[in-house]
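Structure, as structure tokens:
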């Protein structure tokens with residue numbers, strides 16, 4: 063099954079939510095090289111060995127200069143990402159009474175939009 067890593071880029075920091083077996087593991091990191099390194103360490107420790115495929119989901123995409131270090135790290139490590147728009151996040155948050163300023167909401171928006179990827183029996 064695909065594991066999601068929701069990422070919310072905010073001014074100066076990155077919110078991360080990892081879809082884990084007991085719910086979402088969430089943390090915030092600074093948009094610095096050290097912060098991004100800590101983010102990857104958090105992802106690896108939260109997923110553990112032998113985990114299934116992962117998907118970074120980023121939203122909303124307002125690329126701020128201080129967050130370029132995050133995108134550079136993804137590119138350097140050959141990690142792709144999907145994007146959900148601010149409008150999609152807002153609509154999902156409103157219909158599910160969730161905060162639009164949450165990395166978990168980013169992941170859940172993607173999960174609802176691409177439900178077939180997460181069904182146990184894929185056709």
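Residue numbers (this note's numbering): 63 to 185. The C-beta atom is built at its ideal place from N, Cα and C for all residues, glycine as well.
Same chain, Cβ closer than 7 Å to residue i, five either side skipped, listed in chain order
{"i": "residue 155", "result": "161, 162 and 167"}
{"i": "residue 152", "result": "162"}
{"i": "residue 100", "result": "91"}
Helix, strand or coil at residue i according to DSSP, with G and I counted as helix
{"i": "residue 126", "result": "coil"}
{"i": "residue 171", "result": "helix"}
{"i": "residue 97", "result": "helix"}
{"i": "residue 176", "result": "coil"}
{"i": "residue 185", "result": "Residue placement at residue 185 cannot be trusted, given a pLDDT of 48 that sits under 50; what the coordinates show is reported in the next sentence. Residue 185 falls in the coil class under three-state DSSP."}
Opening and closing residue of the beta strand (DSSP E) in which residue i lies
{"i": "residue 67", "result": "65-72"}
{"i": "residue 143", "result": "143-145"}
Buried or exposed by the 16-neighbour rule on C-beta atoms within 10 Å, applied to residue i
{"i": "residue 149", "result": "exposed"}
{"i": "residue 6", "result": "With the chain covering only 63 through 185, there is no way to say anything about residue 6."}
{"i": "residue 137", "result": "exposed"}
{"i": "residue 165", "result": "buried"}
8 Å CB neighbourhood of residue i in its chain, flanking five on each side removed
{"i": "residue 67", "result": "78, 79, 80, 81, 105, 116, 117, 118, 119 and 169"}
N- and C-terminal bounds of the alpha helix (DSSP H) containing residue i
{"i": "residue 92", "result": "Here residue 92 belongs to no alpha helix (DSSP H); instead the beta strand (DSSP E) covers 85-92."}
{"i": "residue 156", "result": "148-158"}
Top-ranked residue by Cα proximity to residue i, from the options
{"i": "residue 132", "options": "111, 102 and 107", "result": "102"}
{"i": "residue 92", "options": "84, 175 and 74", "result": "74"}
{"i": "residue 157", "options": "141, 165, 143 and 174", "result": "174"}
{"i": "residue 89", "options": "134, 108 and 130", "result": "108"}
Chain-order list of residues whose beta-carbon lies under 6 Å from that of residue i (same chain, five-residue window excluded)
{"i": "residue 97", "result": "91"}
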